[in-house]
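Chemist: Counting in our numbering, the sequence shown runs from 478 upward without gaps. All C-beta atoms, glycine included, are put in the ideal place defined by N, C-alpha and C. The structure displayed is predicted, hence computed values, not measured ones. My structure is below; once you've seen it, I'll send some questions.
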Amino acid sequence: MNNPYEVLGLKPGASEAEIKAAYKELVKKYHPDKYQNNPLADLAQEKLQEINEAYDTLMKNRSSSGSGYRGGQSYRPSSSSSSGNYNAVRQALDRGDLMAAEQMLINSPNRDAEWFFLSGVLSYKKGWIDDALSNVRQAMNMDPNNYEYQNIYQQMMSSGAMYRGRSNAQGYGQSSDTCTNCCTLYLCSSCISPCW
């Protein structure tokens, strides 16, 4: 594999935030949905795989100390999950193989509630909290009686509240209603147009 920093267009020693931002932009650029019925689709798929490998390599090297979302439990298949593909995605998420999970989701022909749920868990593991919450909310809207989706969503919200509490204790986020309103608008717009 090429130098993962070069693949992501970064200088060696880039911060975790820079790595995540570069990765997110490149995934958007080479996403298979942009290359449907395009002769460059295979090339874009190869590039996306290289980008995923580079990202996984850099993130694994940074720290494996609890950065992924598991909440101490594995993902149990929901009653609506009859597809073996979703079970494979869950297994990849449980073992921390985010690249494999992402590839399976990208190649999945369905965009049902289970797909949005697993996309949300994947986003959470990558540190994309807003995307994670948006995708899990979409799954809950599509399958409102699924307790697994509701449980994981509550865990994600609780984790977010813990981080907000820490930042508020250090003086961040206490001063402006404008900031709160802006964040609320951003979250609502995320619900309307999920990344996937």
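Which runs of the alpha helix (DSSP H) fall wholly inside the stretch 485-516 and span at least 4 residues, in chain order?
Modeler: 493-507
Chemist: Which residues in the same chain have their Cβ closer than 6 Å to the Cβ of Lys537, if we skip the five residues on either side of it in sequence?
Modeler: Sequence index remark: in the sequence shown, residue 537 carries index 60 (1-based). Residues of the same chain with a CB within less than 6 Å of the CB of Lys537, apart from the 5 flanking positions on each side, do not exist.
Chemist: Secondary structure at Pro621, three-state DSSP: helix, strand or coil?
Modeler: Your numbering for residue 621 matches position 144 in the sequence shown. Of the three classes helix, strand and coil, the one that applies to Pro621 here is coil, per DSSP.
Chemist: From which residue to which residue does the alpha helix (DSSP H) around Trp605 run?
Modeler: Taking the first residue of the sequence shown as position 1, residue 605 is located at position 128. Segment: none, Trp605 is in no alpha helix (DSSP H) and carries neither H nor E.
Chemist: May I have the straight-line CA-CA distance separating Glu523 from Gln615, to the nearest angstrom?
Modeler: The sequence position of residue 523 within the sequence shown is 46, counting from 1. The sequence position of residue 615 within the sequence shown is 138, counting from 1. If you take the alpha carbons of Glu523 and Gln615, they lie about 29 Å apart.
Chemist: Is the stretch 566-575 touching the stretch 493-500, taking contact as three or more C-beta pairs under 8 Å?
Modeler: no
Chemist: Once DSSP output is grouped into helix, strand and coil, what is the label at Gly573?
Modeler: Residue numbering aside, residue 573 sits at position 96 when the sequence shown is read from its first letter. In the structure shown, Gly573 sits in coil (DSSP, three-state: anything other than H, G, I, E or B).
Chemist: Can the beta-carbon of Val613 be found closer than 8 Å to that of Leu570?
Modeler: If you number the sequence shown from 1, residue 613 lands on position 136. If you number the sequence shown from 1, residue 570 lands on position 93. In this structure, Leu570 does not lie closer than 8 Å to Val613 by Cβ.
Chemist: Between Ser600, Tyr601, Tyr563, which has its C-alpha nearest Asn584's C-alpha?
Modeler: One-based indexing of the sequence shown puts residue 584 at position 107. Nearest in C-alpha terms to Asn584, of all of Ser600, Tyr601, Tyr563, is Tyr563.
Chemist: With Ala590 and Ser600 assumed to form a contact (beta carbons below 8 Å), what rounded beta-carbon distance in angstroms separates them?
Modeler: By 1-based counting over the sequence shown, the position of residue 590 is 113. By 1-based counting over the sequence shown, the position of residue 600 is 123. About 16 Å; that fails the 8 Å criterion.
Chemist: State the Cα-Cα distance for the pair Asn480 and Asp510, rounded to the nearest angstrom.
Modeler: The residue labelled residue 480 in the question sits at position 3 within the sequence shown. The residue labelled residue 510 in the question sits at position 33 within the sequence shown. Spanning the two alpha carbons is a distance of roughly 27 Å.
Chemist: Spatial neighbours of Met619 within its chain, please: C-beta separation below 8 Å, excluding the five flanking residues on both sides.
Modeler: Taking the sequence shown and counting its residues from 1, the one referred to as residue 619 is at position 142. Cβ within range, chain order: Asp589, Ala590, Phe593.
Chemist: From Leu535 to Glu579, what does the alpha carbon distance come to, in whole angstroms?
Modeler: To locate residue 535, count along the sequence shown from 1; it is residue 58. To locate residue 579, count along the sequence shown from 1; it is residue 102. Their Cα atoms are separated by approximately 17 Å.
Chemist: Please tell me whether Tyr626 and Met617 are closer than 8 Å, where the distance is taken between their beta carbons.
Modeler: Looking up residue 626 in the sequence shown gives position 149. Looking up residue 617 in the sequence shown gives position 140. Yes; because the gap between Cβ atoms is below 8 Å, this pair is in contact.
Chemist: With burial defined as no fewer than 16 other Cβ atoms inside 10 Å of the residue's Cβ, what is the status of Val484: buried or exposed?
Modeler: As a position in the sequence shown, residue 484 is number 7, starting the count at 1. Buried, because 16 or more other Cβ atoms sit within 10 Å of the Cβ of Val484.
Chemist: Should Ala531 be labelled buried (16 or more other beta-carbon atoms within 10 Å of its own) or exposed?
Modeler: For the purposes of this step, residue 531 is taken as residue 54 along the sequence shown, with counting starting at 1. Burial of Ala531 is indicated by the presence of at least 16 other C-beta atoms within 10 angstroms of its C-beta.
Chemist: So, under 8 Å CB-CB, Leu678 and Glu493 are touching, yes? Tell me the CB distance rounded to an integer number of Å.
Modeler: Nothing in the structure corresponds to residue 678, since the chain is present only between 478 and 673.
Chemist: So Tyr507 and Ile528 are in contact, right, with Cβ under 8 Å, and what is the actual spacing, rounded?
Modeler: By one-based count along the sequence shown, residue 507 stands at place 30. By one-based count along the sequence shown, residue 528 stands at place 51. 7 Å between Cβ atoms; contact.
Chemist: Tell me the DSSP secondary structure of Ser585 in three-state form.
Modeler: As a working mapping, residue 585 is identified with position 108 in the sequence shown. In this structure, Ser585 counts as coil in the three-state DSSP scheme.
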